[in-house]
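There are 2 protein chains.
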Amino acid sequence: MIKIAVLGYGVVGSGVVEVIERNNAEISRKAGDEVAVKYILDLRDFPGDPHEDKIVHDFDMILKDPEVSVLCEVMGGVGPAYQYTKRALEAGKSVCTSNKELVALHGAELLELAVANRCNYMFEASVGGGIPIIRAVNSALTAERIQAVTGILNGTTNYILTKMAKEGMDYSQALKQAQELGYAERNPEADVEGWDACRKLAILSSLMTGKNVSAGKIRMEGITKISKADLEYARVAKMVVKPLVLGKMLEDGSVVAMVAPFMVPEGHPLARVDDVFNGVLVTGNMLGDAMFYGRGAGKLPTASAVVADVVDCAKHPGKTVWCFWNQEEASVADSSQTRRAFFVRAAAGSQDVLEKAFPEGRALLRSGGEDMGFITPVMKEGEFDAKCAELGDAVLGCLRIL
Amino acid sequence: MIKIAVLGYGVVGSGVVEVIERNNAEISRKAGDEVAVKYILDLRDFPGDPHEDKIVHDFDMILKDPEVSVLCEVMGGVGPAYQYTKRALEAGKSVCTSNKELVALHGAELLELAVANRCNYMFEASVGGGIPIIRAVNSALTAERIQAVTGILNGTTNYILTKMAKEGMDYSQALKQAQELGYAERNPEADVEGWDACRKLAILSSLMTGKNVSAGKIRMEGITKISKADLEYARVAKMVVKPLVLGKMLEDGSVVAMVAPFMVPEGHPLARVDDVFNGVLVTGNMLGDAMFYGRGAGKLPTASAVVADVVDCAKHPGKTVWCFWNQEEASVADSSQTRRAFFVRAAAGSQDVLEKAFPEGRALLRSGGEDMGFITPVMKEGEFDAKCAELGDAVLGCLRIL
């Protein structure tokens, strides 16, 4: 029997217990042995909970129990979670986690610790919830040189932008609705400013390069400045606005990594990824584009991904499965050299100025607007930024175009 | 070093050699050891080919070479391919294949042979080309009870229906273009009648049930009777026509399996899978729907999937990785009990008859048509078939609605 411990009995933790209980036959068949939860670590007591007898408060009890071979760290944060994970791996116990913050910050170090102790640190649930995107990169597309990942990895901002586009809400209305439905936190900063997506992109980019891409080196822009007018212009241009992450390998081995809202052409596979759904396009040099789509968050999809990791650990006792991310810092390229077209929203009457600044661009018209839209030709980001600075107050907003 | 043999130096076989050569560093890193092609088995000689020195004509040479641990069977057909695969597995050599015909016919038996000889029979490339759908079912979504697979798994028919819908071609024009581009065979029967999709669905349904679903038990309808008029009515109803495969687990453990063109609502994730692309929606009881999308055919995408299997074999010497498909015949349910809505194209003037036959249905109008369209309420397939038989010649065509 594979006995596991769940660290943290919150939303994901209770999901892990539920998934293991409800799908026990399938899970045990795939794991090759029966999987059972032995301990649940939490500060709180849960009187009356059907798993009350498994609740413990002392991590050492789990650490010292030789029967426990796999831990699910679903407590979040980087304080105790980091310490517990290190101690578990040092003791040769595998750790499966949904904690993207910890993986983005210490993934390389913890993977090396797992290798040294012939166990596993797995984090399928840290990116894309139930979508098996980490397995796609690590153990499915293994014959590919992965050249780029482009995706929608934050369901909250995708929900907000979908509502703004489809129901004509403005940003604050859509955010309020997302909060009411539990899709956004009371303090929504981590989502709307891009931190959550940034951590996920740091993880994917690190796996793509094999080196460490720090979240802090990723160019990040939130969605808070997007207006209803931007979405109307997007519709006129047959595009939609999506909160994207982009990681791209350059010829010299460096990586361009960026989190920002983009205008995406309607025919693009990511354009139809709406509401709280996530989608990731992986570009390989043999395969071309493959897309993975599904629920990027939520109790059961996320727990399902954690348990899939448990199954993988159970199938590989005494062996490290993944170790393609080392502590050497990846070279993160300056995005100012990246070339693309841009959308500019400008004060009404600025057409002449825009045409002069961006020859060969084209104006976009919307009915009843007090502003104007403009699409530039393909140019370097740095060059675009310089032109915008020159245009000063005439520029009301701008977006990259995929 | 992992030395492999490639059986068949055709399109996929030369792709396998090319992928291993071009991505050797990545592949060897993921495999944990250098991967190299030692033999290429083919009846022909290839004078001047850069791999001429590896060409052999005698299978026994490969079988008897203890250095060769993995064979790529990419020759197709079920004659020699079946014999070679059996003999290789009996000798403890793993086999990776793109041969869907052989997998659909003898997959369960060959998997058991692999288990008995502590090696692997892998077939990622047999379904969905470069899309890692077999891995999704076998080794990624391992915490799920998979309830259904719904997909577009035949690129040729998807291309034909896309051209008919988007460029107003009729069936024969679109087929001719697909043949000119090499997307369809000179004898297109296997694609347009549904055999190719049927084999792929047999494989996925077998993996979903864990038992054997024979292709011959799958209800199969081709796309040859679909007219431009059907596509116009689909547009009026905000739907598209797609060549689908459907496999669904029922409560009693039996499976409904069907290959047929369907009308799919425009907002459905599969509605946007166009041209030669494939897409598969997997429904799990925890995850909900996850979609996998990409190139379902082509030399390099297919070869990439074969090589991903080689990597997996290399990582697991002496160990069988997948064995979730046994020879017991699955119970395939009668699809006449399945409930859904249907589209009927009927002779002009049949509205009264249709409304009588299908109360609560609704008529669809298109401009300039000499026929009429009608959408029935949700009903059992068997009931629909009986009503259609009663209507006789008034029915010009019909399609299921997803």
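As you go down the protein sequences, you meet chains A and B in turn. Just remember that this note's numbering sits 4 ahead of the position in the first sequence, which is counted from 1. Just remember that this note's numbering sits 4 ahead of the position in the second sequence, which is counted from 1. Beta carbons are placed, not taken as given, at the ideal position from N, Cα and C, and that holds for glycine. Please read all numbers here as calculations on a predicted model, not as lab measurements.
Would you mind telling me which residues of chain B sit closer than 8 Å to A:S308, beta carbon to beta carbon, in chain order? L145, A147, E148, G288, M290, L291
Neighbour list for B:V82 in chain A, Cβ cutoff strictly below 8 Å: In chain order: nothing, as chain A lies at least about 26 Å away.
Helix or strand or just coil, what does DSSP make of B:D375? strand
Run through DSSP, which three-state label would A:G186 get? coil
Which residues bound the alpha helix (DSSP H) around A:D316? 303-319
Are three or more beta carbon pairs between the segment 79-96 of chain B and the segment 163-176 of chain B nearer than 8 Å? no
CB contact check: A:N121 to chain B, cutoff 9 Å: no
Report yes or no: is there a C-beta of chain B within less than 9 Å of the C-beta of A:A334? no
Just checking: is the beta-carbon of A:V314 within a distance shorter than 9 Å of some beta-carbon in chain B? yes
Starting from B:E77, trace the beta strand (DSSP E) in both directions and tell me its first and last residue. 72-77
Spatial neighbours of B:Q291 in its chain, beta-carbon cut-off 8 Å, leaving aside the 5 residues before and after: Gln is not the amino acid found at residue 291 of chain B; the sequence shown has Leu there. The residues are L145, E148.
Counting pairs of Cβ atoms below 8 Å between the segment 18-29 of chain B and the segment 79-99 of chain B, do you hit three or more? no
I think B:V336 touches B:A261, with their Cβ atoms under 8 Å apart; what is that distance to the nearest whole Å? 6 Å
Just to make sure I have the definition right: I need the residues of chain A whose C-beta is within less than 9 Å of the C-beta of B:F127. Which are they? The contacting residues do not exist; B:F127 stays about 14 Å from chain A at best.
Give every residue of the same chain whose Cβ lies closer than 6 Å to the Cβ of B:L250, excluding the five residues on either side of it in the sequence, and list them in chain order. T154, M262
Considering only residues of the same chain and omitting the five flanking positions on each side of B:V107, which have a CB-CB separation below 6 Å? F127, S130, I207
Could you give the first and the last residue of the continuous beta strand (DSSP E) run that contains A:C402? 399-405
For the segment 189-223 of chain A, list every residue whose C-beta sits within 9 Å of some C-beta in chain B, in sequence order. G214
List the residues of chain A that B:R299 touches, going by C-beta distances under 7 Å, in chain order. L291, G292
In three-state terms, what does DSSP make of B:P84? helix
With distances taken between CB atoms, is the gap from B:K246 to B:L368 smaller than 9 Å? no
Just the Cα atoms here: how many angstroms apart are B:G298 and A:G283? 13 Å
Return the chain-ordered list of same chain residues with a C-beta closer than 7 Å to the C-beta of A:Y187, the five sequence neighbours on each side being excluded. G159, T160, Y163, V280
Using only alpha-carbon positions, find the residue among B:I6, B:V23, B:L47 that is nearest to B:G12. B:L47
Provide the residue(s) that pair with A:C100 in DSSP beta bridges, ordered along the chain. A:C76, A:M126
Beta-carbon within less than 7 Å of A:P398's beta-carbon, same chain only, minus the 5 sequence neighbours each way: which residues are those? Here the sequence assigns Ala to residue 398 of chain A, which means Pro is not the residue at that position. Cβ neighbours of A:A398 beyond the five flanking positions: A350, A351, S354, V357.
Proximal residues to B:E364 (C-beta, below 6 Å), its chain only, five neighbours per side dropped: P381
Same chain, Cβ closer than 8 Å to A:F346, neighbours up to 5 away in sequence not counted: I379, T380, M383, F388, C402, L403, R404, I405
Going by the CB atoms, is the gap between B:A334 and B:V259 shorter than 9 Å? yes
Enclosing beta strand (DSSP E) for B:N162 [first to last residue]: Looking at the DSSP string, B:N162 is not in any beta strand (DSSP E); the run it does join, the alpha helix (DSSP H), is 159-171.
Is there a Cβ from chain A that is less than 9 Å from the Cβ of B:R26? yes
First through last residue of the beta strand (DSSP E) which encompasses B:M262: 259-269
Can you tell which of A:A9, A:A390, A:I8, A:G19 has its C-alpha closest to the C-alpha of A:P305? A:G19
Can you pull the chain A residues whose beta carbon is under 8 Å from the beta carbon of B:E30, in chain order? T146, A147, E148, R149
Neighbouring residues, chain A, relative to B:P136 (Cβ below 7 Å): A140, A144, L145
Beta-carbon neighbours of B:M295, restricted to chain A and to distances below 7 Å: Y297, G298
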